[in-house]
Amino acid sequence: EEIINNIPKDRVDVIVVTDGARILGLGDLGMGGMAIPVGKLSLYSLFGGVHPAYTLPITLDVGTNNQALLNDPLYLGWQHERLSGPEYDAFIEAFVQAVTKRFPNVLIQWEDFAKDQAQPILDRYRDKVCCFNDDIQGTAGVVVAGIFGALKGIDAPLTEQRIVLFGAGSAGVGIAELITQAMIQEGMSREEAKERIYVMGRNGLAHTATEGLDDLKKRFAQPHEKIAKWGVNDIQSIPLLETIQHAKPTILIGTSTQPNTFTEEIVLEMKKHVPRPIIFPLSNPTSKSEAHPEDLMKWTRGQALIATGSPYPPVEYEGKTYTIGQCNNVFIFPGVGLGVIASGATRVTDHMFLKAAEVLSKYAPILNNPYASLFPRVAQLRAISRDVALAVGREAIAEGICNNPPDDLKKAVQNHMWEPKYPTMVRKK
Numbered sequence: 001e002e003i004i005n006n007i008p009k010d011r012v013d014v015i016v017v018t019d020g021a022r023i024l025g026l027g028d029l030g031m032g033g034m035a036i037p038v039g040k041l042s043l044y045s046l047f048g049g050v051h052p053a054y055t056l057p058i059t060l061d062v063g064t065n066n067q068a069l070l071n072d073p074l075y076l077g078w079q080h081e082r083l084s085g086p087e088y089d090a091f092i093e094a095f096v097q098a099v100t101k102r103f104p105n106v107l108i109q110w111e112d113f114a115k116d117q118a119q120p121i122l123d124r125y126r127d128k129v130c131c132f133n134d135d136i137q138g139t140a141g142v143v144v145a146g147i148f149g150a151l152k153g154i155d156a157p158l159t160e161q162r163i164v165l166f167g168a169g170s171a172g173v174g175i176a177e178l179i180t181q182a183m184i185q186e187g188m189s190r191e192e193a194k195e196r197i198y199v200m201g202r203n204g205l206a207h208t209a210t211e212g213l214d215d216l217k218k219r220f221a222q223p224h225e226k227i228a229k230w231g232v233n234d235i236q237s238i239p240l241l242e243t244i245q246h247a248k249p250t251i252l253i254g255t256s257t258q259p260n261t262f263t264e265e266i267v268l269e270m271k272k273h274v275p276r277p278i279i280f281p282l283s284n285p286t287s288k289s290e291a292h293p294e295d296l297m298k299w300t301r302g303q304a305l306i307a308t309g310s311p312y313p314p315v316e317y318e319g320k321t322y323t324i325g326q327c328n329n330v331f332i333f334p335g336v337g338l339g340v341i342a343s344g345a346t347r348v349t350d351h352m353f354l355k356a357a358e359v360l361s362k363y364a365p366i367l368n369n370p371y372a373s374l375f376p377r378v379a380q381l382r383a384i385s386r387d388v389a390l391a392v393g394r395e396a397i398a399e400g401i402c403n404n405p406p407d408d409l410k411k412a413v414q415n416h417m418w419e420p421k422y423p424t425m426v427r428k429k
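Under this note's numbering, think of the first position of the sequence shown as 1, with each following residue one higher.
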């Protein structure tokens, strides 16, 4: 609390906070993770128009389990193994109490926490303070936007899709949850939606009789009775190929960080059941991507609808150039933050991310060309963030979670969009 009170600011609208445990694909960087909050807040200002003076990057130094850092005499952080259990939870609670006491209207964005901490922290605080986890909800929002765009481009209904999520960490389960919410919005029950979503962890497909399932996987475990009818070799360890053969997915999403796992055999098996498979190898960096767009295009003869987690150059195939859209959270979180600030929202809900996804999908180039990218150009991000903010703000007001909502939300959003300008100065003689 003393440290928070020493911050020389009277107003903070957005905090991005990490504990450095899972920085991109680099792992535990301890205090070295500070570049992530700084970078994310730069994007808030650049694309969302959030004034940089009203942002605050924070790294919670709870130690590190990175042995190289523990042995490095020049490491600036606390050279101690990471706190865990009740000690860790108490530290997070102290942080939340201190920061919301000093800045009661602040939006907290949790960033790059380890899998075993990210979801519990979100579950603990999402209904108490204004916060969201970008790795869970932001990722889900941009992935669902990509799915919406792809389905609009090929004129296919969401309710008829079957989805395999390869990677059952916090990001994968977050994607599954928002897809479920989208299907419910289309008229399905929660159980009907979950029947169409297959989540895979390191031990294969998650089902209700799988041994050692963690709480994340239990949320989307398929009924054992259904899977038992498949007649697989080992029901306790069902690999991706067998899952594809029996589930017949139309959408395949990778968040596993296991490189080259979407093999030609797997993709061709998927192609048997759907003319234009939607395939998102999202793991970062490119060295950990589940597949490369050039291979996917070749294996599907140019029919795959692809988005990736890392940037890739356009793919040339049989005389056509395919632009590969990057499924990047920057298309979502700046607009969400701006919408929260402008509307006076006190919470961030999944439906707000669903509205953001709907807006982003309207910018998909594939809507005008069935072989174009699923995501727009970065140059459009300022306009996208403004439209996302409007949709998010309207949803927050409709849900009744705003303190003193503005009479004119559109004007409020515009007024909150800071632009860097050098004032014209004239020297008086």
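A virtual CB, placed ideally from N, CA and C, is assigned to each residue, including glycine.
Could you check what DSSP says for residue i in three-state terms: helix, strand or coil?
i    : result
E195 : coil
A114 : coil
I92  : helix
P57  : strand
V12  : coil
Y255 : Inspection of the sequence shows that residue 255 is occupied by Thr rather than by Tyr. Of the three classes helix, strand and coil, the one that applies to T255 here is coil, per DSSP.
F103 : coil
F280 : strand
Q97  : helix
V62  : coil
Q109 : strand
T286 : helix
I4   : helix
G39  : helix
V274 : coil
V17  : strand
G49  : coil
G27  : strand
Y75  : coil
P157 : coil
R382 : helix
Do residue j and residue i count as a contact pair if the criterion is CB distance below 8 Å?
i    : j    : result
L165 : Y198 : yes
T346 : C130 : yes
E290 : P281 : yes
G48  : G335 : yes
A176 : F132 : no
R196 : I163 : yes
A193 : T180 : yes
M204 : I238 : Residue identity check: residue 204 is Gly in the sequence provided, not Met. Yes, they are a contact pair.
N430 : L24  : Nothing can be reported for residue 430, as the shown portion of the chain is limited to 1 through 429.
H273 : K248 : yes
F113 : R22  : yes
M200 : T243 : yes
T430 : P314 : Outside the modelled stretch of the chain, which goes from 1 to 429, sits residue 430, for which no answer is possible.
S45  : H51  : yes
A357 : G141 : yes
T59  : M34  : yes
Q303 : E269 : no
A342 : P420 : no
I253 : V143 : yes
My assumption, with CB atoms under 8 Å, is that residue i sits in contact with residue j. Please give the rounded CB distance.
i    : j    : result
A171 : T139 : 5 Å
L241 : I266 : 6 Å
V348 : V340 : 6 Å
D350 : L178 : 6 Å
L436 : I384 : Outside the shown range of the chain, which is 1 to 429, sits residue 436, and nothing can be said about it.
V392 : M352 : 5 Å
A182 : L158 : 6 Å
P277 : T300 : 6 Å
V99  : I15  : 6 Å
V413 : L381 : Not quite, the Cβ-Cβ distance comes to about 15 Å (not below 8 Å), so this is no contact.
G344 : N404 : 5 Å
A150 : L26  : About 30 Å; that fails the 8 Å criterion.
Applying the criterion that 16 or more other CB atoms from any shown protein chain within 10 Å of the CB defines a buried residue, is residue i buried or exposed?
i    : result
Q479 : Residue 479 falls outside the range modelled here, since the chain spans only 1 to 429, and no answer is possible.
H224 : exposed
D135 : buried
V17  : buried
L29  : buried
H292 : buried
E2   : exposed
K355 : buried
E395 : buried
D55  : Inspection of the sequence shows that residue 55 is occupied by Thr rather than by Asp. Classification for T55: buried.
I7   : exposed
N66  : buried
S189 : exposed
A364 : buried
Would you list, in sequence order, the uninterrupted beta strand (DSSP E) runs of no fewer than 3 residues that lie entirely inside the stretch 384-427? For the stretch 384-427, not a single whole beta strand (DSSP E) run of length 3 or above is found.
Length at least 3, wholly inside the stretch 159-246: the beta strand (DSSP E) runs in chain order: The beta strand (DSSP E) runs lying completely inside the stretch 159-246 and spanning 3 residues or more are 163-166, 197-201, given in chain order.
Length-filtered (4 minimum) alpha helix (DSSP H) runs lying within the stretch 295-379: Counting only runs of 4 or more, we get 333-343, 350-361.
What are the uninterrupted segments assigned as beta strand (DSSP E) that are 3 or more residues long and contained completely in the stretch 127-154, given in chain order? Complete beta strand (DSSP E) runs here, min 3: 131-133.
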